[in-house]
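Q:
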């Protein structure tokens, strides 16, 4: 058993080396396939992150009336924060709102004069609410409006600016949906194409060895003994191609890093380096599995009879 | 040890036949030559023995074993009992002469010690000690066929099946190959060989089966080539 495995491994390596031209062609094709798969991964990552950063800039604000008591404000704040759709709630107190107003209008004399003439702080507290998904803002707004409308005494909520933001929120929701669908479709097409190309290349590589396979059978080699070296070669194609594709990606990432940083506010090179073991695993894993399955299927054809 | 019992091989729904009602047997240690025109059914007959082809009717036995009832997973084991030699040599092109012979032993599950011992012996039996590390593309036709014979015998099979072993060889190489086959037979291995070569048959002076249109038309104990 052990001797058998050792012989299969040795035959695999020797075969890889002696069929250098065929091996090189297979490695090249798998490298291209992995490059395509890797690129779709990076593009997807780029899109997701830049959409996320866009999303995080969208929020809705709830303005409270100045006379609202702290308890009432806190009650709404806790209720909103407890909603499952809500990602974050930022609270600005009346004093903070005033300080921010002063800061923003410090060069506006009229505004400052008007403020000075008032005895008390005319600004209410407010909440800035961020949802997990842009499509969830509508629910949150509805929740707040119900809250406002059901108030029995004087309402605490002065204004909810959802309606004002609605248009841009809707536009963003649509764009995100469309981009995600398009990128999934493109990825699928590219990945299926690269798998088919890899499969066909390995099939051709093994086609050139069909005569050898029939000779091995005539000499009385068992199917596993024949298949083993080809399977190992498939794995080796995948491994080498994985390493090659990473070697191609590295300089591209170095070049792209600062450029994506400027445009998408996302540094692809930093992502590449900090997730290197993950990317390494995925690319080499896909390469190995592709090579292995293609070999098994291709050899199976010639082992029948 | 080989027994054909009323074997026919039909094609096109029975309209053409490669073999028709062939019955004969081969005893251990015999050297049998099968002669006949192209298309007489010689190669089909050999393919039946190595389980490459199935009869339409009849049975083929190896000792008491019905060859065509062997399950596919057991076929490699059966084939290891038979050494095969072909007109086109069928050597593995990416393996050296030594490795080609060693491969047959590896496939057979032999130990490394046995391989180190037996491969050089087989090479020296076919007088190719100095070509052990040459690839098939670096060998002449006669040398390739001698490597193929060495591969066929290295597992000490019960029987050697040779399909036109001299078909691609010049007269000198033909003579050498026949001498080697005769030597193997003298050492106790059964040999079944097809040939076109009159000189080979006359030189051997052993049993000759003559085939024509899928039938056995003559079976002479010490035959001459008569067509």
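Residue numbers (our numbering), protein chains in the order written: chain A, 1256 to 1560; chain B, 6 to 232.
From the three backbone atoms N, C-alpha and C, an ideal C-beta is built for every residue, glycine too.
As the structure is a computational prediction, the values presented were derived from the model and not from experiment.
#1: So, at 7 Å on beta carbons, what are the nonlocal neighbours of residue 1300 of chain A in its own chain, with the 5 sequence-adjacent residues on each side left out?
#2: Chain A partners of residue 89 of chain B, CB-CB under 8 Å?
#3: Counting only Cβ-Cβ distances shorter than 8 Å, please list the residues of the segment 180-193 of chain B near chain A, keeping chain order.
#4: Taking only runs of the alpha helix (DSSP H) that begin and end inside the segment 1320-1352 of chain A, which ones reach a length of at least 4 residues, in chain order?
#5: Does the beta-carbon of residue 1355 of chain A have 16 or more other beta-carbons within 10 angstroms, so that it is buried, or is it exposed?
#6: Give me the Cα-Cα distance between residue 165 of chain B and residue 117 of chain B, rounded to the nearest whole angstrom.
#7: For residue 116 of chain B, which three-state DSSP category applies?
#8: How close, in whole Å, do the beta carbons of residue 1554 of chain A and residue 1461 of chain A come, if the pair is a contact with beta carbons under 8 Å?
#9: What does residue 1470 of chain A touch in chain B if you count any residue whose Cβ is under 8 Å from its own?
#10: Verify whether the separation of the beta carbon atoms of residue 1353 of chain A and residue 1376 of chain A is less than 8 Å.
#11: Give the straight-line distance between the Cα atoms of residue 1274 of chain A and residue 1482 of chain A, rounded to the nearest whole angstrom.
#12: Just verifying my parser: in three-state terms, what is the DSSP assignment at residue 1509 of chain A?
#13: Mind pulling the chain A residues with CB within less than 8 Å of residue 55 of chain B?
#14: Can a CB atom of chain A be found closer than 8 Å to the CB of residue 208 of chain B?
#15: Assuming residue 1397 of chain A and residue 1340 of chain A are in contact, meaning their beta carbons sit under 8 Å apart, how far apart are those beta carbons, in whole angstroms?
#16: Any C-beta of chain B sitting closer than 8 Å to the C-beta of residue 1268 of chain A?
#17: Do residue 89 of chain B and residue 1473 of chain A have their CB atoms nearer than 8 Å?
#18: Going by the DSSP bridge assignment, what does residue 1381 of chain A pair with across the sheet?
#19: Whose C-alpha, out of B:93, B:107, B:130, is nearest the C-alpha of residue 138 of chain B?
#20: My assumption, with CB atoms under 8 Å, is that residue 63 of chain B sits in contact with residue 10 of chain B. Please give the rounded CB distance.
#21: Closest to residue 110 of chain B by CA distance: which of B:161, B:20, B:50, B:26 is it?
#22: Could you tell me whether the segment 1288-1303 of chain A touches the segment 1509-1527 of chain A, using the rule of 3 or more Cβ pairs below 8 Å?
#23: Under 8 Å, do residue 149 of chain B and residue 66 of chain B count as touching if we go by C-beta distance?
#24: By how many angstroms is the C-alpha of residue 1486 of chain A removed from the C-alpha of residue 1494 of chain A?
#25: List the residues of chain B that residue 1429 of chain A touches, going by C-beta distances under 8 Å, in chain order.
#26: Sorted by chain position, which residues of the same chain lie with C-beta nearer than 6 Å to residue 1345 of chain A's C-beta, five sequence neighbours on each side aside?
#27: Using DSSP bridges, identify the partner residues of residue 1386 of chain A.
#28: Check each candidate in B:219, B:229, B:146 and name the one with the smallest Cα separation from residue 60 of chain B.
#29: Whole angstroms is fine: what's the gap from residue 84 of chain B's alpha carbon to residue 112 of chain B's?
#30: Following the continuous alpha helix (DSSP H) through residue 1368 of chain A, name the residue where it begins and the one where it ends.
#31: Report the rounded CA-to-CA distance for residue 25 of chain B versus residue 1256 of chain A, giving the unit in angstroms.
#32: Compare the C-beta of residue 151 of chain B with all C-beta atoms of chain D and state if any pair is closer than 8 Å.
#33: Can a CB atom of chain A be found closer than 8 Å to the CB of residue 111 of chain B?
#34: Measure how close the beta-carbons of residue 1302 of chain A and residue 1434 of chain A come, nearest whole angstrom, since I'm counting them as under 8 Å.
#35: Which whole-angstrom value describes the C-beta separation of residue 1452 of chain A and residue 1288 of chain A, a residue pair presumed to lie in contact below a C-beta threshold of 8 Å?
#36: Since residue 1404 of chain A and residue 1379 of chain A are thought to touch, with beta carbons under 8 Å apart, how far apart are those beta carbons, to the nearest angstrom?
A: So, from the data block:
#1: What you label residue 1300 of chain A is simply residue 45 of the first chain in a count that begins at 1. Closer than 7 Å at Cβ, skipping near neighbours: 1526.
#2: Along the second chain, one-based indexing puts residue 89 of chain B at 84. Simply 1473, 1474.
#3: none
#4: 1325-1336
#5: Walking along the first chain from the start, residue 1355 of chain A turns up at place 100. Exposed is the call here.
#6: Taking the first residue of the second chain as position 1, residue 165 of chain B is located at position 160. Taking the first residue of the second chain as position 1, residue 117 of chain B is located at position 112. C-alpha separation (whole angstroms): 24 Å.
#7: Within the second chain, the letter at position 111 stands for residue 116 of chain B. Reduced to three states, the DSSP call for residue 116 of chain B is coil.
#8: For the purposes of this step, residue 1554 of chain A is identified with residue 299 of the first chain, where counting begins at 1. For the purposes of this step, residue 1461 of chain A is identified with residue 206 of the first chain, where counting begins at 1. Contact holds; Cβ gap of about 6 Å.
#9: Against the first chain, residue 1470 of chain A aligns to sequence position 215. Residues of chain B passing the Cβ test: 95, 96, 97.
#10: Walking along the first chain from the start, residue 1353 of chain A turns up at place 98. Walking along the first chain from the start, residue 1376 of chain A turns up at place 121. Yes; because the gap between Cβ atoms is below 8 Å, this pair is in contact.
#11: Translated into the one-based positions of the first chain, residue 1274 of chain A becomes position 19. Translated into the one-based positions of the first chain, residue 1482 of chain A becomes position 227. Each residue's alpha carbon lies about 16 Å from the other.
#12: Walking along the first chain from the start, residue 1509 of chain A turns up at place 254. The answer is helix: DSSP assigns residue 1509 of chain A an H, G or I state.
#13: Here residue 55 of chain B refers to the residue found at position 50 when the second chain is read from its first residue. Near residue 55 of chain B (Cβ distances below 8 Å), the residues of chain A are 1473.
#14: Working through the second chain from its first residue, we reach residue 208 of chain B at position 203. Not an interface residue.
#15: The sequence position of residue 1397 of chain A within the first chain is 142, counting from 1. The sequence position of residue 1340 of chain A within the first chain is 85, counting from 1. At roughly 11 Å, the Cβ-Cβ gap does not stay under 8 Å, so residue 1397 of chain A and residue 1340 of chain A are not in contact.
#16: Here residue 1268 of chain A refers to the residue found at position 13 of the first chain. Taking Cβ atoms only, chain B never reaches closer than 8 Å to residue 1268 of chain A, which makes this a no.
#17: Numbered from 1 along the second chain, position 84 holds the residue referred to as residue 89 of chain B. Numbered from 1 along the first chain, position 218 holds the residue referred to as residue 1473 of chain A. Going by C-beta atoms, residue 89 of chain B is nearer than 8 Å to residue 1473 of chain A.
#18: Translated into positions along the first chain, residue 1381 of chain A becomes position 126. DSSP, once it has assigned bridges, lists A:1318, A:1347 as partnering residue 1381 of chain A.
#19: Residue numbering aside, residue 138 of chain B sits at position 133 when the second chain is read from its first letter. Ranking the options by Cα distance to residue 138 of chain B, first place goes to B:107.
#20: Position 58 of the second chain, counted from the start, is the residue given in the question as residue 63 of chain B. Position 5 of the second chain, counted from the start, is the residue given in the question as residue 10 of chain B. So it is a contact: roughly 5 Å between Cβ atoms.
#21: Here residue 110 of chain B refers to the residue found at position 105 when the second chain is read from its first residue. Taking only the C-alpha atoms, the option nearest residue 110 of chain B is B:161.
#22: yes
#23: Taking the first residue of the second chain as 1, we reach residue 149 of chain B at position 144. Taking the first residue of the second chain as 1, we reach residue 66 of chain B at position 61. No, these two residues do not count as a Cβ contact at 8 Å.
#24: The sequence position of residue 1494 of chain A within the first chain is 239, counting from 1. The sequence position of residue 1486 of chain A within the first chain is 231, counting from 1. If you take the alpha carbons of residue 1494 of chain A and residue 1486 of chain A, they lie about 12 Å apart.
#25: Numbered from 1 along the first chain, position 174 holds the residue referred to as residue 1429 of chain A. Within chain B, no residue comes near residue 1429 of chain A; the closest Cβ sits about 59 Å away, beyond 8 Å.
#26: If you number the first chain from 1, residue 1345 of chain A lands on position 90. Counting only Cβ-Cβ distances below 6 Å, and skipping sequence neighbours, we find 1383.
#27: As a position in the first chain, residue 1386 of chain A is number 131, starting the count at 1. According to DSSP, which records beta bridges pairwise, residue 1386 of chain A is partnered with A:1341.
#28: If you number the second chain from 1, residue 60 of chain B lands on position 55. If we check each option's Cα against that of residue 60 of chain B, B:219 comes out closest.
#29: Position 79 of the second chain holds residue 84 of chain B. Position 107 of the second chain holds residue 112 of chain B. Approximately 11 Å, taken between the alpha carbons.
#30: Counting from one through the first chain, the residue named residue 1368 of chain A turns up at place 113. Residue 1368 of chain A -> alpha helix (DSSP H) spans 1364-1372.
#31: Walking along the second chain from the start, residue 25 of chain B turns up at place 20. Walking along the first chain from the start, residue 1256 of chain A turns up at place 1. Cα-Cα distance, rounded: 44 Å.
#32: In the structure shown, chain D does not exist; the protein chains are A and B.
#33: The residue labelled residue 111 of chain B in the question sits at position 106 within the second chain. Chain A contact via Cβ: present.
#34: As a first step, residue 1302 of chain A must be located in the first chain, where it is residue number 47. As a first step, residue 1434 of chain A must be located in the first chain, where it is residue number 179. Between residue 1434 of chain A and residue 1302 of chain A the Cβ distance is about 6 Å, and since that is below 8 Å, they are a contact.
#35: On the first chain, position 197 is the one that residue 1452 of chain A refers to. On the first chain, position 33 is the one that residue 1288 of chain A refers to. Yes, residue 1452 of chain A and residue 1288 of chain A are in contact; Cβ-Cβ is about 6 Å, under 8 Å.
#36: In the first chain, residue 1404 of chain A corresponds to position 149, counting from 1. In the first chain, residue 1379 of chain A corresponds to position 124, counting from 1. With 8 Å as the limit, residue 1404 of chain A and residue 1379 of chain A do not qualify as a contact, their Cβ atoms being about 18 Å apart.
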